[in-house]
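Asks: A single structure is presented below for examination.
Protein chains: 2
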Amino acid sequence: MSRREMLAEQVTDYVLEHGIIGLSLRPLAAALGTSDRMLVYHFGTRDALVAEAIELSNARSVGVLRGLRAVRSVRAGVLALWQVMSDPQVDRCQRVYAQAAALGLLGREPFADTVRRSNAEWMRAVADYLRSCGASPGRVQRIARLVDATMMGLQLDLSVEDSDGVERAIRDLARTAQRISDKAA
Amino acid sequence: MSRREMLAEQVTDYVLEHGIIGLSLRPLAAALGTSDRMLVYHFGTRDALVAEAIELSNARSVGVLRGLRAVRSVRAGVLALWQVMSDPQVDRCQRVYAQAAALGLLGREPFADTVRRSNAEWMRAVADYLRSCGASPGRVQRIARLVDATMMGLQLDLSVEDSDGVERAIRDLARTAQRISDKAA
DNA sequence: CGCTATATGTAGTGGGTGCTACAGTACCCG
DNA sequence: CGGGTACTGTAGCACCCACTACATATAGCG
């Protein structure tokens, strides 16, 4: 494992903890026991660093999701998915993704491609998992999109207020997903 | 209309255009034809300015929603809601909200209360609208939460990639909302 | 040994940041 | 007219930013 790779992992840890929005090199470097000089040396640019951290963060959450074993129904699969999303590891990754999306929203940052690719990979993993739970192959994309969007929105809500209606919403979502998979539109 | 109020409106316009994430006083002031000196004079602090812009932005989108006339069914109401959310005016407000939430996600900014209140007000407006469309009063909160979260997630998705599955997801959501309203859980 | 590539420390540059001190100006009320 | 109040321009402070120039250390390899 090269020095650069090690640093990239550490940077990702830091980013998962502190977010990417106000990230600046000097505090980051200090927390890692190195200097901004080194970060720029290894990664070339702050933006490149952040992009790499986003990719690694996404890879981690995809990894967790890929390791999830299938359950018997789509409905149960959605509930299992929500548990994964609530796992602190994955949760933090999703929040980084939300920040990246929020930053990209107004086209300010040049990470559009990175975020797009990460999201596509994540969506693929979600769809694959739901398929392995028995979701209709012809409708799994449609289900995955609905499930992913709703969970993202609920997570945003959760960070704003600890709302109790979230569990209920997840159950509604799970039932809907099951229904879409079962019968024709 | 006091000078301060006029400035606040202009600031809100600017924020809806440029977001709140990297907002800095000098470019903002320049765009408004004034100076950072003035902004600080009228609002006291950059953070206070941003908080006020968030509130005004939210007030605008709530205003649009409150002006929406009821339709005959929950299902149609959800579709109408999505149209409102897709309106550039409201869309931008929601994006500002997403940015605020993303900022608040990791507790970095002191706007937690502002965002919380704004969100509560918005959720109330959504619930009121759905109720006026005939949603079961006992379940309207539950429906509103699901609808709002899903739409927020879909909007985030839309900003990342112009995904075509979104309309489909909205229709699925509308049908689900109708079903929840109609029959017991 | 010497040479080269990788890694690191020191110090700095130019620029942007929020915010302030101070000195006004314009206007309304008495 | 005099005096307060609302507003504005100029200049600057102290700080943080990403990034760089330059010198240096260390290690592998012939």
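Chain order of the listed sequences is A and Y.
The numbering of the first sequence is the working numbering, which starts it at -4 and goes up by one.
The numbering of the second sequence is the working numbering, which starts it at -4 and goes up by one.
Yeah, the Cβ is synthetic: ideal placement off N, Cα and C, and Gly gets one too.
Could you check how far apart the C-beta atoms of Arg21/Y and Asp31/Y are, in whole angstroms? I think they sit under 8 Å.
Replies: Taking the second sequence and counting its residues from 1, the one referred to as residue 21/Y is at position 26. Taking the second sequence and counting its residues from 1, the one referred to as residue 31/Y is at position 36. That belief holds up - the Cβ atoms of Arg21/Y and Asp31/Y are roughly 5 Å apart, short of 8 Å.
Asks: Would you kindly work out how many angstroms separate the C-alpha atoms of Arg174/A and Asp152/Y, rounded to a whole number?
Replies: Numbered from 1 along the first sequence, position 179 holds the residue referred to as residue 174/A. Numbered from 1 along the second sequence, position 157 holds the residue referred to as residue 152/Y. Computed Cα separation, rounded: 23 Å.
Asks: For Asp157/A, does the count of other Cβ atoms within 10 angstroms reach 16, so buried, or fall short, so exposed?
Replies: Within the first sequence, the letter at position 162 stands for residue 157/A. Exposed, because fewer than 16 other Cβ atoms sit within 10 Å of the Cβ of Asp157/A.
Asks: How should Thr40/A be labelled, buried or exposed, when 16 other C-beta atoms within 10 angstroms of its C-beta is the threshold for buried?
Replies: By 1-based counting over the first sequence, the position of residue 40/A is 45. Looking at its Cβ environment, which holds fewer than 16 other Cβ atoms inside 10 Å, Thr40/A is exposed.
Asks: Leu44/A CB to nearest chain Y CB: under 7 Å?
Replies: Locating residue 44/A in the first sequence gives position 49, where the first residue counts as 1. Not closer than 7 Å to any Cβ of chain Y, the Cβ of Leu44/A fails to qualify, so no.
Asks: Could you name the residues of the stretch 112 to 133 of chain A whose beta carbon sits closer than 7 Å to any beta carbon of chain Y, in the order they occur along the chain?
Replies: Result list: Asn114.
Asks: Alpha carbon to alpha carbon, what distance is there between Ile138/Y and Leu51/Y?
Replies: The sequence position of residue 51/Y within the second sequence is 56, counting from 1. The sequence position of residue 138/Y within the second sequence is 143, counting from 1. Roughly 26 Å between the two C-alpha positions.
Asks: Who are the Cβ neighbours of Ala169/A in its own chain at under 7 Å, not counting the five residues just before and after it?
Replies: Translated into positions along the first sequence, residue 169/A becomes position 174. The residues are Arg70, Val73, Leu74.
Asks: Among the residues of its own chain, which have a CB less than 6 Å from the CB of Ser131/Y, if the five just before and after it don't count?
Replies: Position 136 of the second sequence, counted from the start, is the residue given in the question as residue 131/Y. Counting only Cβ-Cβ distances below 6 Å, and skipping sequence neighbours, we find Ser176.
Asks: Just by C-beta distance, which residues in the stretch 24 to 35 of chain A are closer than 8 Å to chain Y?
Replies: Under the 8 Å Cβ criterion, the stretch 24 to 35 of chain A contributes no residue.
Asks: Once you ignore the five residues that flank Leu98/A on each side, which residues in its own chain have a CB closer than 6 Å to its CB?
Replies: As a first step, residue 98/A is located in the first sequence; it is residue number 103 there, counting from the start. Excluding sequence neighbours, Leu98/A sits near Glu104.
Asks: Looking at Trp77/Y and Ile15/Y, is the spacing between their C-beta atoms short of 7 Å?
Replies: In the second sequence, residue 15/Y corresponds to position 20, counting from 1. In the second sequence, residue 77/Y corresponds to position 82, counting from 1. Their beta carbons are not under 7 Å apart, which means Ile15/Y does not touch Trp77/Y by this criterion.
Asks: Run through DSSP, which three-state label would Thr40/A get?
Replies: Taking the first sequence and counting its residues from 1, the one referred to as residue 40/A is at position 45. Reduced to three states, the DSSP call for Thr40/A is coil.
Asks: 7 Å is my cut-off, CB to CB: does Ala93/A come that close to chain Y?
Replies: Within the first sequence, numbered from 1, the residue matching residue 93/A stands at position 98. Interface residue, yes.
Asks: Does any CB atom of chain A fall closer than 7 Å to the CB of Arg55/Y?
Replies: Locating residue 55/Y in the second sequence gives position 60, where the first residue counts as 1. So no, Arg55/Y is outside the interface.
Asks: Within a Cβ cutoff of 8 Å, which residues of the same chain sit near Val59/A, ignoring the five residues on either side of it in sequence?
Replies: Numbered from 1 along the first sequence, position 64 holds the residue referred to as residue 59/A. Same-chain partners within the cutoff: Val79, Asp82, Gln84, Val85.
Asks: Threshold first: 4 residues or longer. Then list the alpha helix (DSSP H) segments lying entirely within the stretch 120 to 167 of chain A, N to C.
Replies: Counting whole runs of 4 or more residues, the stretch 120 to 167 of chain A contains the alpha helix (DSSP H) stretches 135 to 155.
Asks: Are the beta-carbon atoms belonging to Gly148/Y and Thr145/A less than 7 Å from one another?
Replies: Locating residue 148/Y in the second sequence gives position 153, counting from the first residue. Locating residue 145/A in the first sequence gives position 150, counting from the first residue. Yes, these two residues count as a Cβ contact at 7 Å.
Asks: Between the stretch 72 to 89 of chain Y and chain A, which residues of the former have a C-beta closer than 8 Å to a C-beta of the latter?
Replies: Answer in chain order: no residues at all.
Asks: Can you list the residues of chain A that Ile49/Y reaches, using a CB-CB cut of under 9 Å?
Replies: Position 54 of the second sequence, counted from the start, is the residue given in the question as residue 49/Y. The premise fails here: Ile49/Y is roughly 12 Å from chain A at the closest Cβ pair, so nothing lies under 9 Å.
Asks: Taking the beta carbon of Ala115/A as the centre, do at least 16 other beta carbons fall within 10 Å, making it buried, or is it exposed?
Replies: Working through the first sequence from its first residue, we reach residue 115/A at position 120. Exposed.
Asks: Using only alpha-carbon positions, find the residue among Arg119/A, Ser(-3)/A, Val91/A, Ala120/A that is nearest to Phe202/A.
Replies: Outside the shown range of chain A (-4 to 180) lies residue 202/A, about which nothing can therefore be said.
Asks: The alpha helix (DSSP H) spanning Val66/Y covers which residue range?
Replies: What you label residue 66/Y is simply residue 71 of the second sequence in a count that begins at 1. Here Val66/Y belongs to no alpha helix (DSSP H), and DSSP marks it neither H nor E.
Asks: Between Val135/A and Arg163/A, what straight-line distance do the alpha-carbon atoms span, to the nearest angstrom?
Replies: Mapped onto the first sequence, residue 135/A falls at position 140. Mapped onto the first sequence, residue 163/A falls at position 168. Approximately 23 Å, taken between the alpha carbons.
Asks: Can you find a CB in chain Y that lies within less than 7 Å of the CB of Asp8/A?
Replies: For this step, residue 8/A is matched to residue 13 along the first sequence. No, its Cβ sits nowhere closer than 7 Å to a Cβ of chain Y.
Asks: Would Ile49/Y and Ala95/Y qualify as a contact pair, given that the criterion is a beta-carbon distance under 7 Å?
Replies: The sequence position of residue 49/Y within the second sequence is 54, counting from 1. The sequence position of residue 95/Y within the second sequence is 100, counting from 1. A contact, by the Cβ cut-off of 7 Å.
Asks: Compare the Cα-Cα distances from Arg55/Y to each of Leu11/Y, Leu141/Y, Ser127/Y and report the closest residue.
Replies: In the second sequence, counting from the first residue as 1, residue 55/Y sits at position 60. Taking only the C-alpha atoms, the option nearest Arg55/Y is Leu11/Y.
Asks: Around the C-beta of Tyr124/Y, are 16 or more other C-beta atoms found within 10 angstroms, so that it is buried, or is it exposed?
Replies: The residue labelled residue 124/Y in the question sits at position 129 within the second sequence. The residue in question, Tyr124/Y, is buried, as its Cβ has 16 or more Cβ neighbours within 10 Å.
Asks: If Leu100/A and Ser154/Y are in contact, beta carbons under 8 Å, what's the gap, nearest whole angstrom?
Replies: One-based indexing of the first sequence puts residue 100/A at position 105. One-based indexing of the second sequence puts residue 154/Y at position 159. Their Cβ separation, rounded to whole angstroms, is 5 Å, which keeps Leu100/A and Ser154/Y in contact under 8 Å.
Asks: What's the gap between the Cα of Ala43/A and the Cα of Ala25/A?
Replies: Walking along the first sequence from the start, residue 43/A turns up at place 48. Walking along the first sequence from the start, residue 25/A turns up at place 30. So the two alpha carbons sit approximately 19 Å from each other.
Asks: Is the CB of Gly62/Y under 7 Å away from at least one CB in chain A?
Replies: Position 67 of the second sequence, counted from the start, is the residue given in the question as residue 62/Y. Closer than 7 Å: no.
Asks: Of all Cβ atoms in chain A, is any one closer than 7 Å to the Cβ of Thr40/Y?
Replies: Indexing the second sequence from 1 puts residue 40/Y at position 45. No - not a single Cβ of chain A is within 7 Å of the one on Thr40/Y.
Asks: Have a look at Leu18/Y, Leu23/Y, Gly102/Y, Ser19/Y and flag the residue whose alpha-carbon is nearest the alpha-carbon of Leu2/Y.
Replies: As a first step, residue 2/Y is located in the second sequence; it is residue number 7 there, counting from the start. Cα-wise, what sits closest to Leu2/Y is Leu23/Y.
Asks: Give, in chain order, every residue of the stretch 99 to 113 of chain Y whose Cβ lies closer than 7 Å to some Cβ of chain A.
Replies: Of all residues in the stretch 99 to 113 of chain Y, Gly99, Leu100, Leu101, Arg103, Val110, Arg111 have a Cβ within less than 7 Å of some Cβ in chain A.
Asks: Using the C-alpha atoms, what's the distance from Gly28/A back to Arg(-1)/A?
Replies: Taking the first residue of the first sequence as position 1, residue -1/A is located at position 4. Taking the first residue of the first sequence as position 1, residue 28/A is located at position 33. Rounded to whole angstroms, Arg(-1)/A to Gly28/A spans 14 Å at the Cα level.
Asks: Looking only at C-alpha atoms, which of Val57/Y, Gly160/Y, Ala122/Y sits nearest to Asp143/A?
Replies: To locate residue 143/A, count along the first sequence from 1; it is residue 148. Answer by Cα proximity: Gly160/Y.
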